[in-house]
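Quick notes on the structure that follows.
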Amino acid sequence: MTYEGWLLDLYADGPRGVALWLVTDDDRRVRLCQRFPVRFFAAGPGPRLRALWRWLRGREPAPGLAREERRDLFVAERLPVLAVETADPAGLQPLFAEVEREFPDLTYYDADVPLTVRHAAAFGSFPLARCRAEADEQGNVRAFEVLDSPWALDPALPPLRILEINLPEGDPQRTPPTRLELRFRAWKQSYPWVAGSAPAAWLRAALQKLDPDIVLTDYGDTWLLPELLRRGQAPLSRDPAYPLRTVEEHTYFSYGQIVYRGQQVHLYGRVHIDRQNAMLWRDYGLEGILENARVTALPIQTAARISPGTGISCMQMQTALRDGVLVPWHKQQVEQPRSMLSLIQSDFGGLVYQPRIGLHFEVGAIDFVSLYPAVMVRCNISPETQARPLSQPPAPNPGLIPRTLAPLLHKRVALKTWAAKLPAWDPRRKSIRARTAAQKWLLVVCFGYLGYKNARFGRIEAHEAVTAGGREALLRAKEAAEDLGFAVLHLYVDGLWVQQAGCRTAEDFEPLLAEVTRRTGLPIALDGVYRWVAFLPSRGNRRVPVGNRYFGVFTDGSLKVRGLDARRRDTPPWVTAVQMGLLECLAQAVSPEDLKPAAAEALGRLRRELARLREGKVPLEDLLCAQKLSRPLEKYTHPSPAARAAGQLQAAGKRTAAGQRVRFLYVRGEERVWAWDLPQTFDRRCLDVGMYRKLALRAAADVFQPFGIEPEELYALMHNAARVPLFPLPV
Amino acid sequence: MDAIRLPTSNQLYVIVGGSGALQRMLTLAARLALRGGVWVLDCGNRANPLPVVRELRRLTMDPVRALANIQTARAFTCYQVLALLEQTCSRPVREPVVIFDLLASFYDESVRYDEGQRLLAAALGHVRGLLAGAPVMVSVRPPPTDFPERAAFVQRVCAEADQCWVEEAPSAAGVYQQGSLWT
Chain U
110 MTYEGWLLDL
120 YADGPRGVAL
130 WLVTDDDRRV
140 RLCQRFPVRF
150 FAAGPGPRLR
160 ALWRWLRGRE
170 PAPGLAREER
180 RDLFVAERLP
190 VLAVETADPA
200 GLQPLFAEVE
210 REFPDLTYYD
220 ADVPLTVRHA
230 AAFGSFPLAR
240 CRAEADEQGN
250 VRAFEVLDSP
260 WALDPALPPL
270 RILEINLPEG
280 DPQRTPPTRL
290 ELRFRAWKQS
300 YPWVAGSAPA
310 AWLRAALQKL
320 DPDIVLTDYG
330 DTWLLPELLR
340 RGQAPLSRDP
350 AYPLRTVEEH
360 TYFSYGQIVY
370 RGQQVHLYGR
380 VHIDRQNAML
390 WRDYGLEGIL
400 ENARVTALPI
410 QTAARISPGT
420 GISCMQMQTA
430 LRDGVLVPWH
440 KQQVEQPRSM
450 LSLIQSDFGG
460 LVYQPRIGLH
470 FEVGAIDFVS
480 LYPAVMVRCN
490 ISPETQARPL
500 SQPPAPNPGL
510 IPRTLAPLLH
520 KRVALKTWAA
530 KLPAWDPRRK
540 SIRARTAAQK
550 WLLVVCFGYL
560 GYKNARFGRI
570 EAHEAVTAGG
580 REALLRAKEA
590 AEDLGFAVLH
600 LYVDGLWVQQ
610 AGCRTAEDFE
620 PLLAEVTRRT
630 GLPIALDGVY
640 RWVAFLPSRG
650 NRRVPVGNRY
660 FGVFTDGSLK
670 VRGLDARRRD
680 TPPWVTAVQM
690 GLLECLAQAV
700 SPEDLKPAAA
710 EALGRLRREL
720 ARLREGKVPL
730 EDLLCAQKLS
740 RPLEKYTHPS
750 PAARAAGQLQ
760 AAGKRTAAGQ
770 RVRFLYVRGE
780 ERVWAWDLPQ
790 TFDRRCLDVG
800 MYRKLALRAA
810 ADVFQPFGIE
820 PEELYALMHN
830 AARVPLFPLP
840 V
Chain E
907 MDAIRLPTSN
917 QLYVIVGGSG
927 ALQRMLTLAA
937 RLALRGGVWV
947 LDCGNRANPL
957 PVVRELRRLT
967 MDPVRALANI
977 QTARAFTCYQ
987 VLALLEQTCS
997 RPVREPVVIF
1007 DLLASFYDES
1017 VRYDEGQRLL
1027 AAALGHVRGL
1037 LAGAPVMVSV
1047 RPPPTDFPER
1057 AAFVQRVCAE
1067 ADQCWVEEAP
1077 SAAGVYQQGS
1087 LWT
């Protein structure tokens, strides 16, 4: 029998191989089974490999064993290895764990490659790929063919059935729910959250009737699904043989930040995504997750939860497996010795030219498109290759990393180009934006992964070569701009801010873009033309510029803000709104002459907001700070406000893990904070109004400073309600 | 432990301590570089070149030449530490070897205790191999409070040492406190 449709899920299915779930063209959900033996490899001294061979041969059932020669990316000669093959994909990990315990001195390869990545390397499969399968009566696959490419710009996707399970009151661990809401397409039903098994029964009925492909929840991982299952049985997974799989909560460091990931609930034959526990849901939503799954070949529910670093690592593994390159279990490649002088000369980051502090009119901002990935592809930077300078043509035989990145990079550029040509009302623009956002994160982390200690195909020298290429590209761009008569106001890693009298439209900057591309061979785009842009100084020293702290208004009236309080996630929403409101007032100014009245209006707006605060008219929710716990609570010697709030919650029996955000209000008194999720009712009279006033004034001072109003003057003005001694504007 | 003496024979010197010990190791590396070649193996991303440069500036008119005498390589996991020591051992090393923060990656929570023990034993074997050609100076930090059992790793390294310095934590009793001006 032949089935044609889309691949929804793939997982290990005991000795039978892998289970494949297809969404067929006639809207059926079909479970097939495919034989899929998997292998890992061991390398080391001959006698030890022979000992391993004897040890494995004596096992019941004995795995398939073969002596082979394979390529390690970091070793010039092909390595003699022992290949160990098991018919049961799920049995590989336990077998490998035993082998590693018995023979810890051997070097292992391909030991922890995800199953879907192995399948992708063998068949070109990926989630939601169009495919055709021939199977017998029992559903055993005889032939499997993928009819799709992850690099297709506008793929036809299946008509997925999506069931939403919502808790309208928000976090159930903070506020006990009173209602459960189910939503499927246009159908929506609300049920009371009552004691007993009723909620589970309602969900069971919905699952049986609607048979969804995707279950979309809030807090489904950390509370809702475990709680529903505790109350009664519900066929959450589509596959009755496999109820569900849970992954424990964990906290880890990423890019210097502590990150908390809650417990996960994965289903079989059906996809569960918890919007609150999904990585970057707010950035790219379901469409971005599906794109992530398609390009990384990870299961959809895994792609929703893993970091982009794991995604890019899986893409590299796929390339390696397809090329017959071994995937090391532990990277053992070390930096080659060099002189400390050479280390000092090469171990640098991106290039930054400090901006000219103050207000500038008619400024063009141009950015390299995905600079570091583009440099990696253009200069052929990979652990096994010698980087080529920008002045040379691209390498004829690209290395593993450029081969992995090039299709992703080209797809992103093509999608962005396509989106730019679509009219503003076209719904595809939103979808493309989500997909390119997902791709962007994969491309962003691919550079960091070259220098990451645990990256299988990382190499610190390659990491340094990328930043060197980036610096070279930016310098060439700067020289091109200066040769064409532009003044360079600021350089920041991959972007330039340039100005020339008379250049005020996108067309005026096109010769510069063409010249930069000619000199670097890298794609560059105009981010926009600013009516005006203000580069801010350091708060500590007003004579010192800061690289990435600015705000400005593009010619279409849209704002761009970087490094201000409004961009921080721990700023209370009211402070963010005040700062953005002031900027919106200023954004109305079309010409330099308009700025003076606009600034006066902004000052008036600030006065009104401070009055609202004083009069208690700002809702408490808008004054909430949300800060992360940077370490476990007991490890604080001088507790931060977040730690003090977490301490209050702990005393009330509510645990907060490191990496989780704690919401609190600033209050007067010894504690100085009030944890928002405490069960007691908050007395508004305790609110530290002075603290919020200070935060708002500090945020406002950043906005007014480029317009000639120094922070002290602003504080005096707001304190005394005096008239504004306006300007002079630095026009 | 005010200053670490320059090594005079092919012995294993171990310095146990935190930032103070690290600073002394950096100073030592700078002073060794003035005399000739020196190998700096950085196993904890701690061998910041800038303090070395500052020390060299203080000691010589030509810090660049001295910097060129320092051969350095970094390892970021305990598997890489082992590979780095193995690789260094395979060279005919005749210059002093300074190993920074040898145990940093052995305190990684993702490394099992017994695996760490095995790797450390192999790493110390290579350190002994290096001693055939040159003196070796190793700095180690005590384990973080989460892994008190890994203090055994420090003891294991110290047991291998010909000379061992331990940085003492400043005791509260030893800190000078000014008396009240008004009594």
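Chains as they are written, first to last, in my numbering: chain U, 110 to 840; chain E, 907 to 1089.
A virtual CB, placed ideally from N, CA and C, is assigned to each residue, including glycine.
All of these numbers come straight from a predicted model, not from anything done at the bench.
- With respect to chain U, the C-beta atom of Ile-976/E has a partner C-beta closer than 8 Å.
- Per DSSP, the unbroken beta strand (DSSP E) holding Arg-241/U starts and ends at 239-244.
- At the C-beta level, Val-1063/E and Val-920/E come within 8 Å of one another.
- CA-to-CA, the gap between Arg-125/U and Ala-252/U works out to about 15 Å.
- When rounded, the separation of the alpha-carbon atoms in Gly-762/U and Asp-122/U is 42 Å.
- Under the DSSP assignment, Leu-990/E falls in the alpha helix (DSSP H) whose first and last residues are 984-995.
- Here the alpha carbons of Leu-524/U and Asp-1007/E stand approximately 47 Å from one another.
- Residues of chain E whose Cβ lies closer than 8 Å to the Cβ of His-439/U are, in chain order, Thr-983 and Tyr-985.
- Flagged as an interface residue toward chain U: Val-970/E, by a C-beta distance shorter than 8 Å.
- Straight-line measurement puts the Cα of Gly-155/U at about 29 Å from the Cα of Pro-446/U.
- Distance from Pro-198/U to Phe-145/U at the Cβ level is roughly 6 Å; contact confirmed, criterion being Cβ atoms closer than 8 Å.
- When C-beta distances to chain E are compared with 8 Å, the residues of the stretch 439-455 of chain U below that value are His-439, Lys-440, Gln-441, Gln-442, Val-443, Glu-444, Gln-445, Pro-446, Arg-447, Ser-448, Met-449, Leu-450, Leu-452 and Ile-453, in chain order.
- With a contact defined as Cβ atoms closer than 8 Å, Tyr-639/U and Phe-663/U qualify at about 6 Å.
- The stretch 761-814 of chain U contains, as complete alpha helix (DSSP H) runs of 4+ residues, the segments 798-813 (chain order).
- With a threshold of 16 other beta carbon atoms within 10 Å, Met-485/U meets it and is buried.
- Here Leu-912/E is exposed. Its C-beta has fewer than 16 other C-beta atoms within 10 Å.
- Taking a beta-carbon distance threshold of 8 Å, Pro-154/U does not count as an interface residue toward chain E.
- For Cys-734/U, the pairing in a beta bridge is given by DSSP as Phe-773/U.
- Counting every other CB atom within 10 Å of its CB across the protein chains shown gives Leu-337/U a total of 16 or more, marking it as buried.
- Residues of chain U with a Cβ closer than 9 Å to the Cβ of Arg-1024/E are, in chain order, Pro-213 and Asp-214.
- The alpha helix (DSSP H) runs of length 4 or more contained entirely in the stretch 343-414 of chain U are, from start to end of the chain, 390-405 and 409-412.
- When the five nearest sequence neighbours on each side are left out, the beta carbons in the same chain lying within less than 7 Å of the beta carbon of Gly-560/U are those of Gly-567, Ile-569 and His-572, in order along the chain.
- Nearest CB-CB separation between Pro-1002/E and chain U: not below the 8 Å threshold.
- Within chain E, the residues whose beta carbon sits less than 9 Å from that of Ile-569/U are Arg-980 and Phe-982, listed in sequence order.
- At a cut-off of 8 Å between beta-carbon atoms, Lys-297/U makes no contact with chain E.
- Glu-591/U: member of the alpha helix (DSSP H) spanning 569-592, first to last residue.
- Within the model, the alpha-carbon separation for Ala-1067/E versus Leu-583/U is close to 50 Å.
- Contact residues of the stretch 1031-1057 of chain E toward chain U are absent (C-beta to C-beta distance below 7 Å).
- Apart from sequence neighbours up to five positions away, the residues of its chain that approach Gly-329/U with a beta-carbon distance below 7 Å are Ile-274, Val-374, His-381 and Asp-383, ordered along the chain.
- The DSSP-derived three-state label of Tyr-462/U is strand.
- Distance check between Phe-595/U and each of Ile-475/U, Gln-736/U, Glu-207/U and Lys-737/U places Ile-475/U closest, using alpha-carbon atoms only.
- By the Cβ criterion, the stretch 642-657 of chain U is in contact with the stretch 449-469 of chain U, since at least three pairs of Cβ atoms, one from each stretch, lie closer than 8 Å.
- For a Cβ distance threshold of 7 Å, nothing in chain U lies close to Leu-928/E: the least Cβ distance comes to about 16 Å.
- Counted as a single uninterrupted DSSP element, the beta strand (DSSP E) harbouring Trp-130/U occupies residues 127-133.
- Counting C-beta atoms within 10 angstroms of its own C-beta, Trp-534/U has fewer than 16 neighbours from the protein chains shown and is therefore classed as exposed.
- Taking a contact as a CB-CB distance under 8 Å, the pair Ser-346/U and Leu-353/U counts as one, their CB atoms being some 5 Å apart.
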